[in-house]
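Visitor:
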Amino acid sequence: MKFGCFQYFYPELAFHFKDAGLSIFNNNWSNIHDFTPVSGENNWSLLPEASSVLDFVPLPDPESDFKSVRISAEPSRSIVPLTKGGRRKESEESCLFVFFAGEYTTANARKLIDEAVAKGFVLIQTKEVLMRPEDVKRVFQNSGDDIVEWITKGPVVALELNGDGVVEACRNIASEVFSGTKVFVSDNKNTSTRDVDNFFNFADMQMGF
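Heads up, the final residue of the sequence shown is numbered 209 in the UniProt record's numbering, and it's a clean run with no missing numbers.
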C-alpha cells in the first residue's frame, strides 16, 4: 500500500469536515501502523512527493452525476494543508508556531502557511488540540504563565515549519502579519527543536498515538 497527504478541494468540502467533527489540521497521514508485518518486507510506503492526486483519483467522468462538482487537486487549494509528514526533513531547523482560539484561527493558520511556503519553507505537520493550564506550563515552559489565559476559548492550532532561517522568518511574519493575534513562536533556533518535540509529543498523547 502507498500513502500520500490528502489534497482535494470542492466548495462544500470545508463544511463537510466541520459537520463530521473533523479538524483539517489533525492529518496523520504518514503515521502508519502495520498490523500484519512480514519479516524482511515492507507492506507500505509513502508516495513520492511529486505525485499528483489525479494520477490515482481521476476527476469524475463528464457523463457522471458528479460532473458538476467543482473539484481541484491543486495542492495550494487543498482544504487540508499539504504536509511533508514523516519524510526526511531538508533542514535541521524547525519552528513551532501556535495560534490560540479566536474567530480567525483557521484563516490565520492558512495565511501563515501561504506566507511561509512563499518564502521557501516547508510545512511538516499540524495539530489542533485542547490544552489545560498544566499542559501549557509543561509544553511552553518559561512562556507558560503568559499563555495560560489564552487557552480558555478553545483548541489551539500548531504548525511545524522547516528550513534554514525559518525561526527568524516566522518571528518576522508574526510581528508583521499577526501583530494583534495571540500566538506562540519559537524564540530561537537553539530551542526550537525542543519546542516542536514538546508540543507534538503532547498532541500525539492527546490523540492516542
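Where a beta carbon is used, it is the ideal one built from N, C-alpha and C, also for glycine.
Just checking my contact of N162 with F121 at CB under 8 Å: how many whole Å lie between their CB atoms?
Guide: As a first step, residue 162 must be located in the sequence shown, where it is residue number 162. As a first step, residue 121 must be located in the sequence shown, where it is residue number 121. Indeed, because the Cβ distance is near 6 Å, the residues count as touching under 8 Å.
Visitor: Is K182 buried or exposed, if buried means 16 or more other CB atoms sit within 10 Å of its CB?
Guide: The count along the sequence shown starts at 1 and reaches residue 182 at position 182. The residue is buried, with at least 16 neighbouring Cβ atoms inside 10 Å.
Visitor: Alpha carbon to alpha carbon, how far is S186 from V167? Give it in angstroms, no decimals.
Guide: Position 167 of the sequence shown, counting from 1, holds the residue named residue 167. Position 186 of the sequence shown, counting from 1, holds the residue named residue 186. If you take the alpha carbons of V167 and S186, they lie about 7 Å apart.
Visitor: State the DSSP-derived secondary structure class of N162, mapped to helix, strand or coil.
Guide: In the sequence shown, counting from the first residue as 1, residue 162 sits at position 162. Three-state DSSP puts N162 in a strand.
Visitor: Using 8 Å for Cβ pairs, my map puts F202 next to D135. What's the rounded Cβ distance?
Guide: Reading the sequence shown from its first residue, position 202 is the one you call residue 202. Reading the sequence shown from its first residue, position 135 is the one you call residue 135. Their Cβ separation, rounded to whole angstroms, is 6 Å, which keeps F202 and D135 in contact under 8 Å.
Visitor: Going by alpha carbons, who is nearest to K89 out of E160, H16, N172, N108?
Guide: Position 89 of the sequence shown, counted from the first residue, corresponds to residue 89. The shortest Cα separation from K89 among E160, H16, N172, N108 belongs to E160.
Visitor: What's the C-alpha gap between S175 and M1?
Guide: Numbered from its first residue, the sequence shown carries residue 175 at position 175. Numbered from its first residue, the sequence shown carries residue 1 at position 1. Spanning the two alpha carbons is a distance of roughly 43 Å.
Visitor: Taking 7 Å as the limit between beta carbons, can you name the residues of its chain near R70, skipping five residues before and five after?
Guide: Counting from 1 along the sequence shown, the entry for residue 70 is found at position 70. Only Y10, P11 meet the Cβ criterion.
Visitor: Are the stretch 81-96 and the stretch 29-37 touching by the rule of at least three beta carbon pairs closer than 8 Å?
Guide: yes
Visitor: Tell me K2's beta-bridge partners as DSSP assigns them.
Guide: On the sequence shown, residue 2 is found 2 positions in, with the first residue counted as 1. Note: K2 sits in a beta bridge opposite S45.
Visitor: List, from N- to C-terminal side, the alpha helix (DSSP H) runs of 4 residues or more that fit wholly inside the stretch 38-122.
Guide: 105-118
Visitor: Using the C-alpha atoms, what's the distance from A14 back to M207?
Guide: Residue 207 sits at position 207 when you count from the first residue of the sequence shown. Residue 14 sits at position 14 when you count from the first residue of the sequence shown. Distance between the alpha carbons of M207 and A14: 22 Å.
Visitor: Measure the C-alpha to C-alpha separation of F3 and V38 and round it to an integer number of angstroms.
Guide: In the sequence shown, the residue the question calls residue 3 occupies position 3. In the sequence shown, the residue the question calls residue 38 occupies position 38. Distance between the alpha carbons of F3 and V38: 18 Å.
Visitor: Quick one: any contact between the stretch 97-115 and the stretch 143-158, if contact means 3 or more CB pairs under 8 Å?
Guide: The stretch 97-115 is in contact with the stretch 143-158.
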